[in-house]
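**Student:** Heads up: take any position in the first sequence, counting from 1, add 3, and you land on this note's numbering.
All C-beta atoms in this analysis are idealised placements derived from N, C-alpha and C, irrespective of residue type, glycine included.
Since the model is a prediction, treat every value here as computed from it, not as a measurement.
Let me begin by handing over the structure; questions about it come next.
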Amino acid sequence: MPTEEPPPATAASLLEIERRVREYWDATGVPGRALAARPDGPIFRFTEGPPTANGMPHVGHLLARTLKDVQLRYRRMRGQRIVSTMAGWDCHGLPVELEVEKRHGFRSKKDIEAFGVERFNEECRRGTLEVASVWEGMSERLGYWLDYRHPYLTMSAPYIESVWWSLKTLHGRGLLEKGFRCLPYCPRCETPLSSHEVALGYQETTDPSVTVRFRLAGAEGRGRSLLVWTTTPWTLPANLLVAAHPGLAYVGIRGADGTEEVLAEAALRRYHPDGAEVLARYTGSDLADLGYDPPFPFAGPGPGRYRIVLDEMVEAEEGTGFVHIAPSFGPEDQRVGEREGVGAFDPLDGRAVFTSAVPPVAGKAFKAADPILLADLESRGLLERAGSLRHSYPFCWRCSHALVYRGIDSWFVRTRKISEALVRHNATVTWVPAHLRDGRFGNFLAEAKDWALSRNRYWGTPLPIWVCPGGHATCVGSFAELAGLTGAPLPDAFDPHRVAVDRLAVRCPTCGAAAKREPYTIDGWYDSGAAPFAQFHHPFAPSDFDPAAPLDYVAEGLDQTRGWFYTMLVLSTALFDRPAYTACVTNGLILDETGAKMSKSRGRAVEPMSLLDRLGADTPRWGFLTVDYTAPLRLDETAMRQAANRTLGTLVHVTTFYRQNAAADGLAPSGRPPTPTAALDRWLLSRLDATRELVTGSLDAFDPREGALALRAFVDDLSTWYLRRSRPRFWGEEDPEDRRRANDTLSFALATAARLLAPYAPYTAEHVAQELAAGGFATAESSVHLADWPGSLGASDPALDAAMAEVRGTVEVGRALRQKVGVRSRVPLLRFVLVGGPAPPALGAEADRLIAEELNVRAVERVPEAAVGELDVAELERAVDASGTVIALISRRPTPELEREGLVREALRRLQSLRKERGLAFLDRIDLDLAADEELFAAIDAVRPRLADELLADRLDLRRGPPADPSGYRAWEIDGRHLYARLERRAAPDAR
RNA sequence: GGGCCCAUAGCUUAGGCUGGCUGGAGCACCCGGCUGAUAACCGGGAGGUCGUCGGUUCAAAUCCGACUGGGCCCA
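Right, dumping it as structure tokens:
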């Protein structure tokens with residue numbers, strides 16, 4: 004027997020395993036080789052969602068990246084080629100600008116202009132990839148394998164050229180148009196935002212809640228006024244109309260000053276809970292076209308202004324049933340204003356500060372005007388009621404400044420024109436969770452508003468539209484086209500950003516006049532939505548991009564339904580008339596351990612890197628993949644540890660057992676599927692096959708959880724049943740052939756399990772696979788991540804599975820009985836009697852043998868129910884089912900002979916553990932001196948050769964009574980008897 | 001105001017689409033074992049009106065409706 008076997012592998016911690024595996028991967032270049040593998044395999048289309056390049060990763064990114072990586076690893080093992088593996092960075096936009104502004108203490112666009120846009124953009128460019136290394140480090144640590152050396156950058160010239168190409172295509176199809184609309188607008192950033200950006204920034208806030216009296220004008224209006232409710236008093240100077248609902252019931256009541264006040268009947272109870280004197284009743288239609296005196300005179304007269312109009316949008320649940328309309332400050336207001344042809348009045352400048360058009364508040368920021376305007380109204384007796392209201396209000400998602408809705412010139416992607424196609428394409432997508440398709444996301448699409456694309460900003464993809472004084476708009480779709488319009492080649496290393504792009508002298512292709520670029524950049528979300536084609540510089544460079552082919556898979560956080568998932572779908576629909584992806588997996592928000600939102604400001608956020616330092620990669624990966632990751636998820640590190648220990652730790656442990664044992668036996672894994680005969684082996688392979696089936700199906704369905712749970716169940720079965728019941732076979736000397744078969748089966752099962760686990764827990768799986776290799780952790784350049792996905796084993800045997808389940812159920816009854824009679828498992832009992840039918844045929848006699856071994860009973864008997872009465876109740880303890888029927892019985896006491904056998908087993912176990920304690924290797928031989936009390940002495944003496952054999956003792960001396968000189972002896976008490984042992988390692992025998 | 005999701009033992013949850021046999025599991029707890037898987041491990045036990053009310057059905061945790069509470073999204 005060779006003695007140079009590696010030292011018995013002690014089960015290392017998962018962290019230690021990861022360190023070792025990472026070193027191995029680094030040394031052998033496994034990740035790069037895995038990414039480059041399968042150059043001819045069928046394509047699996049994927050695009051990495053580009054994170055904002057100057058934002059730090061958070062724990063939620065670990066989850067999303069785990070979901071992405073699981074699928075990519077699986078596909079590679081299936082022989083597919085991933086297109087593409089490029090990492091990506093979203094480089095443009097407000098977040099980047101904001102960082103630079105902060106650094107310089109800029110407060111507005113004026114500061115940027117003074118600093119110089121070119122310098123500003125240069126700083127943005129430099130700042131953009133500052134945290135990229137943090138992302139890379141985190142991703143590689145997590146095991147998320149992508150090509151980080153060649154990422155796509157949304158700010159690169161080729162990328163921008165692709166984006167321009169797409170914009171020109173949209174423009175040519177009438178899907179890119181300029182318009183004047185009310186949009187959410189950030190006064191600090193001085194730019195409009197898109198509706199999906201607004202969605203990111205709702206916060207609770209307190210606003211005024213006021214009811215203002217609008218006096219009706221003219222002869223018939225005398226002595227009457229309307230009650231109008233608003234939470235934005237600052238919009239009142241821009242009021243041009245009041246809307247009423249045509250069918251709603253209104254009442255005129257006697258007000259405090261005796262005049263008539265009109266409001267919706269439904270609002271009466273809220274305003275006058277004690278009732279009021281009703282002077283008149285109207286429907287909305289009765290009130291149409293009545294004129295009123297505007298609360299402020301600054302907008303001036305105009306056709307159709309200051310009268311009541313009818314609109315269905317008016318409600319009476321809140322307010323008074325009259326809605327004040329300021330067409331410059333609300334999408335609904337704008338619609339009504341346009342319909343009535345009353346024009347608009349916008350007294351705010353770019354920073355939402357009042358101009359001299361409203362003298363009382365000139366120079367005041369919009370919100371700051373509220374109290375002044377209210378005081379003014381009060382002094383004129385027009386303020387009916389004033390209070391405040393807590394409600395959610397939109398704030399800028401990046402700078403947290405309160406937004407305003409205001410009319411502004413902007414370029415739009417006309418998504419409403421294609422909403423039918425968006426819905427149709429979305430209907431083909433496999434969403435995880437499935438309800439998103441027709442639920443939240445589907446609804447969102449059906450109501451899709453036009454996408455406000457242009458930003459009045461600096462660091463972004465410039466909108467490539469040039470307009471000449473004749474009003475001809477030219478959308479440029481490539482650098483070559485741009486060069487053509489300037490009549491000269493573009494400068495070397497042309498950078499298409501502002502300001503360089505604005506310096507070019509462009510002639511209008513229609514009339515030849517000098518054209519100016521529309522001074523906008525575009526929404527950064529458009530850039531990222533273009534990633535599936537722009538990362539390839541489509542259509543300018545040949546690539547694997549196929550305009551007709553959607554991505555096979557994307558996965559990100561649920562918030563991306565309003566972000567990336569949406570913009571990708573809009574672009575794929577508008578450009579290629581197809582869905583953007585066929586499978587879309589979302590994960591829920593990650594909460595802290597108390598179930599609250601993780602917030603950086605409250606110091607609650609867990610740094611992803613520190614989490615990886617504490618837990619390693621496989622533990623959070625496994626933790627994420629075994630729970631419902633689509634729901635809001637509580638980050639519980641202890642639970643993660645437990646989950647990983649239970650399955651990954653157990654698998655490592657079983658692998659260690661196998662290694663020690665195989666080394667001791669000089670057996671190597673055969674590598675080929677075994678053809679087992681033993682029932683346990685056949686059962687294990689059947690379970691393995693079923694597990695393989697489940698994991699495969701689950702990954703095919705893009706929902707890895709079911710597979711993770713199947714693996715967990717398999718590892719439980721492997722450890723707590725197969726291995727425990729097979730131990731005698733691994734130790735036994737009597738049947739070497741069976742021992743070899745058990746070894747083959749176990750090694751094959753472990754090797755297969757390692758492959759099934761590889762997508763989930765890449766480090767642990769690699770460890771298991773490597774430990775199974777001939778010489779221990781391999782120096783060979785192999786990796787489980789370069790292996791093929793296991794095919795069907797043809798080992799499925801449902802009858803056997805059911806039979807084994809029955810046996811295990813029986814064993815549980817037996818264990819409960821043993822507990823009841825109070826005889827521990829090491830002491831054999833004589834009889835275990837099962838009431839009912841025969842053993843399951845799929846196991847036959849093997850069933851009772853397994854039961855006997857597991858319960859440590861000498862005989863398993865089966866008797867028909869009718870015969871139960873004949874059994875000796877004094878000797879046998881009984882177990883009954885819920886209905887009181889006796890189902891099994893067991894001996895109450897061991898016989899003296901069996902008791903002695905139990906003693907020997909106890910002694911043996913202690914002596915084995917003494918070997919371990921002394922740090923002896925598996926095959927070290929020993930000299931052993933034992934001393935024991937009378938009873939124990941007799942028991943041991945009777946089986947002395949067997950004992951010596953099992954303990955690898957070349958010399959075994961046994962003495963009656965305590966040792967003469969107890970020094971060097973270890974002592975135990977076993978059921979009141981004493982045992983002493985002294986053990987010495989023999990010198991290693993010479994190598995043969 | 002509208003839409004979607006969720007509610008199962010003290011805690012975390014599986015199952016629910018496709019109704020049916022004692023509703024599984026982990027943690028914590030109790031009993032026992034183990035102490036070279038150790039912020040573990042193994043066995044056993046106790047613990048559940050499956051949010052509430054109503055309906056469909058021979059049969060409901062599961063299907064339908066209403067309600068209550070929570071989460072997310074929109075307005």
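Ignoring anything shorter than 3 residues, give me the beta strand (DSSP E) runs that lie fully in the segment 333-414, in order along the chain.
**Tutor:** Counting only runs of 3 or more, we get 386-397.
**Student:** What's the C-alpha gap between residue 294 and residue 91?
**Tutor:** Start at 1 with the first residue of the first sequence, and residue 294 comes out as number 291. Start at 1 with the first residue of the first sequence, and residue 91 comes out as number 88. Cα-Cα distance, rounded: 59 angstroms.
**Student:** If I measure Cβ to Cβ from residue 766 and keep anything under 8 angstroms in the same chain, skipping five residues before and after, which residues do I get?
**Tutor:** By 1-based counting over the first sequence, the position of residue 766 is 763. Excluding sequence neighbours, residue 766 sits near 17, 20, 21, 24, 25, 146, 619, 620, 621.
**Student:** Identify whether residue 519 lies in helix, strand or coil by the three-state DSSP scheme.
**Tutor:** For this step, residue 519 is matched to residue 516 along the first sequence. Three-state result, residue 519: strand.
**Student:** Taking all protein chains shown into account, do 16 or more other C-beta atoms lie within 10 angstroms of the C-beta of residue 527, making it buried, or fewer, making it exposed?
**Tutor:** Residue 527 sits at position 524 when you count from the first residue of the first sequence. Buried, since its Cβ has 16 or more Cβ neighbours within 10 Å.
**Student:** On the three-state DSSP scale, how would you describe residue 882?
**Tutor:** By one-based count along the first sequence, residue 882 stands at place 879. DSSP places residue 882 in strand when its eight states are reduced to three.
**Student:** Compute the beta-carbon to beta-carbon distance between residue 345 and residue 305, rounded to the nearest angstrom, for a pair I have assumed lies under 8 angstroms.
**Tutor:** For the purposes of this step, residue 345 is taken as the residue at position 342 of the first sequence. For the purposes of this step, residue 305 is taken as the residue at position 302 of the first sequence. Sure, about 6 angstroms apart at Cβ, within 8 angstroms.
**Student:** Using only the alpha-carbon positions, how far apart do residue 977 and residue 742 sit?
**Tutor:** Looking up residue 977 in the first sequence gives position 974. Looking up residue 742 in the first sequence gives position 739. Rounded to whole angstroms, residue 977 to residue 742 spans 32 angstroms at the Cα level.
**Student:** Which residues mark the beginning and the end of the alpha helix (DSSP H) in which residue 175 is found?
**Tutor:** Here the question's residue 175 lines up with position 172 in the first sequence. Its alpha helix (DSSP H) spans residues 160-175.
**Student:** Measuring CB to CB, does residue 405 end up less than 8 angstroms from residue 370?
**Tutor:** Walking along the first sequence from the start, residue 405 turns up at place 402. Walking along the first sequence from the start, residue 370 turns up at place 367. Yes, the pair counts as a contact, with Cβ atoms nearer than the cut-off.
**Student:** Quick check: the Cα distance between residue 890 and residue 589, rounded to an integer number of angstroms?
**Tutor:** As a position in the first sequence, residue 890 is number 887, starting the count at 1. As a position in the first sequence, residue 589 is number 586, starting the count at 1. Answer to the nearest angstrom: the Cα atoms are 49 angstroms apart.
**Student:** Count the other CB atoms, across all protein chains shown, that sit within 10 Å of the CB of residue 958; report buried if there are 16 or more and exposed otherwise.
**Tutor:** By 1-based counting over the first sequence, the position of residue 958 is 955. It counts as exposed.
**Student:** Can you tell me whether DSSP reads residue 181 as helix, strand or coil?
**Tutor:** Counting from 1 along the first sequence, the entry for residue 181 is found at position 178. Of the three classes helix, strand and coil, the one that applies to residue 181 here is strand, per DSSP.
**Student:** Starting from residue 569, trace the alpha helix (DSSP H) both ways and give me its first and last residue.
**Tutor:** Numbered from 1 along the first sequence, position 566 holds the residue referred to as residue 569. Note, residue 569: alpha helix (DSSP H), 567-579.
**Student:** CA-CA distance, residue 6 and residue 927?
**Tutor:** Your numbering for residue 6 matches position 3 in the first sequence. Your numbering for residue 927 matches position 924 in the first sequence. Interpretation of residue 6 is limited by its pLDDT of 32, a score under 50 that renders its predicted location unreliable; the figure taken from the coordinates is listed afterwards. Residue 6 and residue 927: Cα-Cα distance of roughly 9 angstroms.
**Student:** Assuming residue 799 is part of the alpha helix (DSSP H), what are its boundary residues?
**Tutor:** Counting from 1 along the first sequence, the entry for residue 799 is found at position 796. Per DSSP, residue 799 belongs to no alpha helix (DSSP H) and is neither H nor E.
**Student:** Mind reading off the beta-carbon distance from residue 479 to residue 518? Whole number of angstroms is fine, and I expect it under 8 angstroms.
**Tutor:** Translated into the one-based positions of the first sequence, residue 479 becomes position 476. Translated into the one-based positions of the first sequence, residue 518 becomes position 515. Not really, about 10 angstroms apart at Cβ, beyond 8 angstroms.
**Student:** DSSP three-state call for residue 283: helix, strand or coil?
**Tutor:** Here residue 283 refers to the residue found at position 280 of the first sequence. Residue 283 falls in the strand class under three-state DSSP.
**Student:** Near residue 442, which residues of its chain fall below 6 angstroms by C-beta distance, leaving aside the five closest residues on each side in sequence?
**Tutor:** As a working note, residue 442 is residue 439 in the first sequence. If we look at residue 442 and ignore the five residues flanking it on each side, it has no Cβ neighbours.
**Student:** For residue 4, is the classification buried or exposed, using 16 other Cβ atoms within 10 angstroms of its Cβ as the cut-off for buried?
**Tutor:** Here the question's residue 4 lines up with position 1 in the first sequence. The predicted position of residue 4 is uncertain, since its pLDDT is 31 and thus under 50; a value taken from the coordinates is nonetheless stated next. Per the 10 Å Cβ criterion, exposed.
**Student:** Would you check if there are 3 or more beta carbon pairs closer than 8 angstroms linking the segment 208-224 to the segment 181-193?
**Tutor:** These segments do not touch.
**Student:** Just to confirm before moving on: does the CB-CB distance between residue 63 and residue 385 stay below 8 angstroms?
**Tutor:** Locating residue 63 in the first sequence gives position 60, counting from the first residue. Locating residue 385 in the first sequence gives position 382, counting from the first residue. No, Cβ-Cβ distance for residue 63 and residue 385 is not below 8 angstroms.
**Student:** Let me know if residue 870 comes out buried or exposed under the rule of 16 or more other beta-carbons within 10 Å of its beta-carbon.
**Tutor:** Residue 870 sits at position 867 when you count from the first residue of the first sequence. Result: exposed.
**Student:** When DSSP builds the beta bridges, which residues end up paired with residue 894?
**Tutor:** Here residue 894 refers to the residue found at position 891 when the first sequence is read from its first residue. Paired residue(s): 879.
**Student:** Taking the straight line between their C-alpha atoms, what separation do you get for residue 696 and residue 792?
**Tutor:** One-based indexing of the first sequence puts residue 696 at position 693. One-based indexing of the first sequence puts residue 792 at position 789. The alpha-carbon atoms of residue 696 and residue 792 are separated by roughly 11 angstroms.
**Student:** Should residue 850 and residue 810 be called a contact, given that it needs their Cβ atoms to be closer than 8 angstroms?
**Tutor:** By 1-based counting over the first sequence, the position of residue 850 is 847. By 1-based counting over the first sequence, the position of residue 810 is 807. It is a contact, given that the beta carbons lie within the stated cut-off.
**Student:** Given a cut-off of 8 angstroms, decide if residue 407 and residue 299 are closer than it, judged by their beta-carbon atoms.
**Tutor:** Stepping through the first sequence from its first residue, residue 299 is reached at position 296. Stepping through the first sequence from its first residue, residue 407 is reached at position 404. Cβ distance not < 8 angstroms, so residue 299 and residue 407 don't count as in contact.
**Student:** Give the secondary structure of residue 901 by DSSP, where H, G and I count as helix, E and B as strand, and everything else as coil.
**Tutor:** The residue you call residue 901 lines up with position 898 of the first sequence. Three-state DSSP puts residue 901 in a helix.
**Student:** Buried or exposed: which applies to residue 185, given that a residue is buried once 16 or more other Cβ atoms fall within 10 Å of its Cβ?
**Tutor:** Here residue 185 refers to the residue found at position 182 of the first sequence. Label assigned to residue 185: buried.
**Student:** Taking contact to mean 3 or more Cβ pairs, one atom from each stretch, closer than 8 angstroms, check whether the segment 151-162 and the segment 66-75 are in contact.
**Tutor:** As far as the Cβ criterion goes, the segment 151-162 does not touch the segment 66-75, which means the pair count is below three.
**Student:** Is DSSP giving residue 584 helix, strand or coil here?
**Tutor:** Position 581 of the first sequence, counting from 1, holds the residue named residue 584. Strand, per DSSP.
**Student:** So, for residue 50: in the same chain, excluding its five sequence neighbours on each side, which residues have a beta-carbon less than 6 angstroms away from its beta-carbon?
**Tutor:** Here residue 50 corresponds to residue number 47 of the first sequence, with the count starting at 1. The residues are 534, 535, 554.
**Student:** Can you tell me which of the three DSSP states residue 562 falls into?
**Tutor:** The residue you call residue 562 lines up with position 559 of the first sequence. Residue state, collapsed to three classes: helix.
**Student:** DSSP has residue 27 in a bridge; who is on the other side?
**Tutor:** Here residue 27 refers to the residue found at position 24 when the first sequence is read from its first residue. Answer is none; residue 27 lacks a bridge partner.
**Student:** Does DSSP put residue 686 in a helix, in a strand, or in coil?
**Tutor:** Locating residue 686 in the first sequence gives position 683, counting from the first residue. If DSSP states are grouped into helix, strand and coil, residue 686 belongs with the helices.
**Student:** For the segment 493-512 against the segment 463-477, do three or more pairs of beta-carbon atoms, one drawn from each stretch, fall closer than 8 angstroms, so that the two count as touching?
**Tutor:** Contact holds: three or more Cβ-Cβ distances are below 8 angstroms.
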